[in-house]
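Heads up, the thing below is written out as structure tokens.
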Amino acid sequence: MQNILVTGGAGYIGSHACKVLKNAGYQPVTFDNFVTGWRDAVKYGPLFEGDLCDAASVAAAFEEYNPIGVMHFAALSQVGESMHEPGKYWQNNVLGSLNLIETAAKYGCKNFVFSSTCATYGDQDNVVLNEDCAQHPINAYGASKRAIEDILANFGQSHGMNSVIFRYFNVAGADPEGEVGEFHQPETHLIPLMLDAISGKRDALTVFGTDYDTPDGTCIRDYVHVMDLVDAHVLGLKWLEDGKGSRAFNLGTGSGYSVREVIDHSQSVTNQTVPFTTGDRRPGDCTKLVSGSQRAIAELGWKPQRSNLSEMIRDAWRWHQNGHYDR
Ligand code: UDP
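Just so we're aligned, residue 1 is where the sequence shown starts under the numbering used here, counting upward by one.
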């Protein structure tokens, strides 16, 4: 069986990717340092415990498993934190990724799938973002991901590294079979925080900013189901194996929902009230991030099937009620 090194395989998106990789006939090898990941989430293949900032441990993983491809999810990913502690983002995300990319190149592993973000585009109000839009990140998280995209482009020129870069919009939902799901500590993302507030696990949700230039004053995001997202990753891997070269793809649906609309949908799905208050804007937040996602559909043959907001909230709610991890 062919090994795929999955960095961050113990995290939210990485664990779902391991599941679909295994179903597609690959062996996912999780590389994780468990700073944010969960041992319980490593279910579909071997584990290599290591840190991307430790180049020796990265090399040891390549020695042991000789992967034919890399899916690189491991990263710090909180916009708010990145504004207060940018150094952590440059250190962990950029230097860790540089170690990984250099090691992959050294071991002749030239199929690299990278989890980037719509935050690399920055604030471009009232524009549906497509892959050719300029990238001007307004927070350190987005800047760190943008830098890694640049590193991959350079290694493409110098070492023949082929990369599929996925710029995620807002990932939501959980495995409908309930084997893996979203579980962050601390949690900072809208939908799980909302579900926590509904179930009384935490206090009321704070809506960050009600004075944005949007119809209801709250930020607009494009939500994509985690299962659809990871399906795209397997298609991206096959794209690389077929020798189609490096390409960037947005992963979103083209539909934007405001924070208030997400609250409304959550109330309908759960049949419960979301307790919320309103607060200040969160530094680093863009007004509106909505994907132009035709490229992935047209070129990769991606067919998002579950990325309807109510379905994403329903799957997240099921996981919220039944699933959890221990470290
Ligand atoms: N948000 C909010 N309250 C929270 C968390 C998030 O109002 O407690 C808003 C946030 O300002 C953004 C949207 O919800 O407009 C999605 O934020 P999230 O952190 O889930 O993802 P991001 O867009 O930062 O990747």
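Built from N, CA and C at the ideal position, the CB exists for glycine as well.
Any idea if Ala-75 is buried or exposed, counting beta-carbon neighbours within 10 angstroms, 16 or more meaning buried? Residue environment for Ala-75: buried (at least 16 other C-beta atoms within 10 angstroms of its C-beta).
Would you mind sorting His-136 into buried or exposed? The rule is 16 or more other CB atoms within 10 Å of its CB. With a 10 Å radius around the Cβ and a threshold of 16 neighbouring Cβ atoms, His-136 comes out exposed.
Using only CA atoms, which one of Asp-242, His-84, Arg-318 lies nearest to Pro-139? Looking at the sequence itself, residue 139 is Asn, so the reference to Pro does not match. Nearest option by C-alpha distance: His-84.
Please state whether DSSP places Pro-28 in a helix, a strand or coil. Residue state, collapsed to three classes: strand.
Since Asn-93 and Ser-144 are thought to touch, with beta carbons under 8 Å apart, how far apart are those beta carbons, to the nearest angstrom? Contact flag correct, Cβ pair sits at about 4 Å.
Are the beta-carbon atoms of Ala-204 and Phe-276 separated by less than 8 Å? Taking 8 Å as the cut-off, the Cβ atoms of Ala-204 and Phe-276 count as close.
Just to check, is the beta-carbon of Asp-285 closer than 7 Å to a non-hydrogen atom of ligand 1? Yes - ligand 1 has a heavy atom lying nearer than 7 Å to the Cβ of Asp-285.
Going by other Cβ atoms of all chains shown within 10 Å of its Cβ, with 16 needed for buried, is Met-71 buried or exposed? In the assembly as shown, Met-71 is a buried residue. Its beta-carbon has 16 or more other beta-carbons within 10 Å.
Which two residues bound the contiguous beta strand (DSSP E) that contains Tyr-44? Counting along the chain, Tyr-44 falls outside any beta strand (DSSP E), and DSSP gives it neither H nor E.
What residues in its chain sit with their C-beta under 7 Å from that of Asp-211, if we drop five residues either side in the sequence? Taken in chain order, the residues that qualify are Gly-217.
Alpha carbons only, please: which of Thr-30, Arg-167, Leu-237, Thr-36 is nearest the one belonging to Pro-46? Checking every option, the nearest Cα to that of Pro-46 belongs to Thr-30.
Starting from the Cα of Pro-176, find the closest Cα among Glu-187, Arg-318, Asn-170 and give me that residue. Nearest C-alpha to Pro-176: Arg-318.
Start-to-end residues for the alpha helix (DSSP H) that takes in Gly-284: Looking at the DSSP string, Gly-284 is not in any alpha helix (DSSP H), and its letter there is neither H nor E.
Straight-line CA distance for Tyr-89 to Cys-133? In this structure, the CA atom of Tyr-89 is about 24 Å from the CA atom of Cys-133.
Where the alpha helix (DSSP H) containing Phe-249 begins and where it ends: No alpha helix (DSSP H) holds Phe-249; the beta strand (DSSP E) holding it covers 247-251.
Going by C-alpha distance, which of Val-58, Val-128, Thr-270 is nearest Gly-8? From the listed residues Val-58, Val-128, Thr-270, the smallest Cα separation to Gly-8 is found for Val-58.
In its own chain, which residues sit with a C-beta less than 7 Å from the C-beta of Asn-154, not counting the 5 before and 5 after it? So the list is empty, once near-sequence residues are dropped.
Do Ile-165 and Glu-149 have their C-beta atoms within less than 8 Å of each other? A contact, by the Cβ cut-off of 8 Å.
Kindly say whether His-136, judged by its beta-carbon, lies nearer than 8 Å to any beta-carbon of chain D. Although the question refers to chain D, the structure presented lacks it and comprises just one protein chain.
Any chance the CB of Phe-73 is under 7 Å from a heavy atom of ligand 1? Not one heavy atom of ligand 1 is found less than 7 Å from the C-beta of Phe-73.
For the candidate residues Gly-69, Met-194, Phe-48, whose alpha-carbon lies nearest to that of Ala-60? Ranking Gly-69, Met-194, Phe-48 by Cα distance to Ala-60 puts Phe-48 first.
Short of 6 Å in beta carbon distance, which residues of its chain neighbour Tyr-121, apart from the five on each side in sequence? Order them along the chain. Same-chain partners within the cutoff: Leu-129, Cys-133, Gln-135.
Within the continuous beta strand (DSSP E) that includes Leu-205, where are the two ends? From DSSP, the beta strand (DSSP E) with Leu-205 extends over 205-208.
Every unbroken alpha helix (DSSP H) within the segment 105-165, with a cutoff of 4 residues, ordered by chain: Listed in chain order, the complete alpha helix (DSSP H) runs (minimum 4 residues) inside the segment 105-165 are 140-159.
Own chain partners of Leu-190 with C-beta closer than 7 Å, once the 5 adjacent residues on each side are dropped: Excluding positions up to five away in sequence, the list reads Val-259, Val-262.
Among Ile-4, Gln-267, Arg-306, Gly-243, which one has its Cα closest to the Cα of Tyr-223? Out of Ile-4, Gln-267, Arg-306, Gly-243, Arg-306 has the C-alpha closest to the C-alpha of Tyr-223.
Hey, could you find the ends of the beta strand (DSSP E) Leu-5 is sitting in? Judged by DSSP secondary structure, Leu-5 falls within the beta strand (DSSP E) whose first and last residues are 3-7.
Residues of its chain near Ile-151, where Cβ-Cβ distance is below 7 Å and the 5 sequence neighbours each way are ignored: Once the five neighbours on either side are set aside, the close Cβ partners of Ile-151 are Ser-97, Leu-98, Ile-101.
Could you round the C-beta distance between Arg-167 and Thr-117 to whole angstroms and report it? I think they count as a contact, below 8 Å. The C-beta separation of Arg-167 from Thr-117 comes to about 6 Å, placing the pair in contact by the 8 Å criterion.
Alpha-carbon to alpha-carbon, Tyr-107 and Asp-213: C-alpha separation (whole angstroms): 49 Å.
Simplified DSSP assignment, three categories, for Ile-220: Strand.
Just jot down, in chain order, the residues whose CB lies closer than 6 Å to any heavy atom of ligand 1. The filter returns Val-79, Asn-170, Thr-188, His-189, Leu-190, Leu-193, Leu-205, Thr-206, Val-207, Phe-208, Cys-219, Arg-221, Val-259, Arg-282, Asp-285, in chain order.
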